[in-house]
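My numbering puts the last residue of the sequence shown at 217; the count rises by one with no breaks.
Notes for the one structure printed next.
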Amino acid sequence: QPDPMDAQAVIDVIARCVDIVTTGAASGLCTAPIHKKALKDGAQFAYPGHTEYLQALAKSGQAVMMLASDQLRVVPATIHIALNDVPTALTPALLRKTITITDADLRTRFGIDAPRIAVAGLNPHAGEGGAMGTEELDWIANLLDDMRSEGFHLTGPLPADTMFHAAARARYDVAVCMYHDQALIPIKTLDFDRGVNVTLGLPFIRTSPDHGTAFD
């Protein structure tokens, strides 16, 4: 069971491991799941999750969470926030940076010369022409057009409910999604036992299981 008394020790161990990797004493970092509420209750842990803490420790401008398996790679643009906060947190700058980091790391770390990136819409049916939300019309589609003109291989904004079947997945190397569950539900459904959390945008390799502590 989670014990808040252990919270500070867990936080300190993560920081020590980052020091070991950044000084070159280790080639990468593989983390176990953490119990976020226990860390907050026991040591006032100030970060929504592991990824954000690693970003701060590494002094990285933005860390990007990617879940990867043999069948699918997904990246949520917003991560550990309430669904109600997603439309405000999701900005053109954030989405652009997320796509840029994803593209760069797929090239350098995964050996994909021209990553094909599918981008989900925020709203049901990608807004359906504004009938179910207007973010796609207001700025998402325009941002993707601008980035295509800069050389990014992008499709979207796509309806999230039709972009994860086998035929659709064959057309892209990674799916960038707008929020946590939009990205994680499909990969955990397809490949729960073999998915790996890979943090992009850090100056070192970091992986972890794609699940939580599972005390239950």
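Just so it is clear, CB atoms sit at the ideal spot from N, CA and C, and this is done for glycine as well.
Taking all protein chains shown into account, do 16 or more other C-beta atoms lie within 10 angstroms of the C-beta of residue i, making it buried, or fewer, making it exposed?
i: G128; result: buried
i: S209; result: buried
i: D4; result: exposed
i: P158; result: buried
i: Q2; result: exposed
i: E137; result: buried
i: D106; result: buried
Using DSSP with H/G/I as helix, E/B as strand and the rest coil, what is residue i?
i: H51; result: helix
i: S150; result: helix
i: P5; result: helix
i: N143; result: helix
i: L68; result: strand
i: T77; result: With the sequence shown as reference, residue 77 is identified as Pro, and Thr is not the correct amino acid for it. DSSP places P77 in strand when its eight states are reduced to three.
i: T214; result: coil
i: G128; result: helix
i: L203; result: coil
In whole angstroms, what separates the C-alpha of residue i from that of residue j?
i: V65; j: T103; result: 7 Å
i: L73; j: P116; result: 13 Å
i: P125; j: F46; result: 34 Å
i: L123; j: L68; result: 19 Å
i: A215; j: D147; result: 42 Å
i: H181; j: I188; result: 11 Å
i: D71; j: V14; result: 31 Å
i: A90; j: P77; result: 12 Å
i: F205; j: V199; result: 11 Å
i: D211; j: V22; result: 21 Å
i: T156; j: L144; result: 12 Å
i: Y48; j: R170; result: 33 Å
i: K98; j: A10; result: 33 Å
i: C18; j: T52; result: 14 Å
i: L30; j: A57; result: 15 Å
i: D162; j: K60; result: 36 Å
Just checking: is the beta-carbon of residue i within a distance shorter than 8 Å of some beta-carbon in chain C?
i: L30; result: Considering every chain present, this structure includes no chain C. It has just one protein chain.
From which residue to which residue does the alpha helix (DSSP H) around residue i run?
i: A90; result: V87 to A90
i: I100; result: P93 to T109
Return the first residue and the last residue of the beta strand (DSSP E) that residue i is part of.
i: I118; result: R117 to A121
i: S61; result: Note, S61: premise wrong, no beta strand (DSSP E); not H, not E.
i: P210; result: I206 to P210
Heavy atom of the ligand HEM less than 7 Å from the Cβ of residue i, yes or no?
i: I15; result: Summarising the ligand content, the structure contains no ligands, and the ligand HEM is consequently not present.
| field | 4-residue-minimum alpha helix (DSSP H) runs that sit fully inside the stretch 155-183, ordered along the chain | value | 167-170
| What residue ranges within the stretch 17-43 form continuous beta strand (DSSP E) runs of no fewer than 3 residues, ordered along the chain? | 29-31
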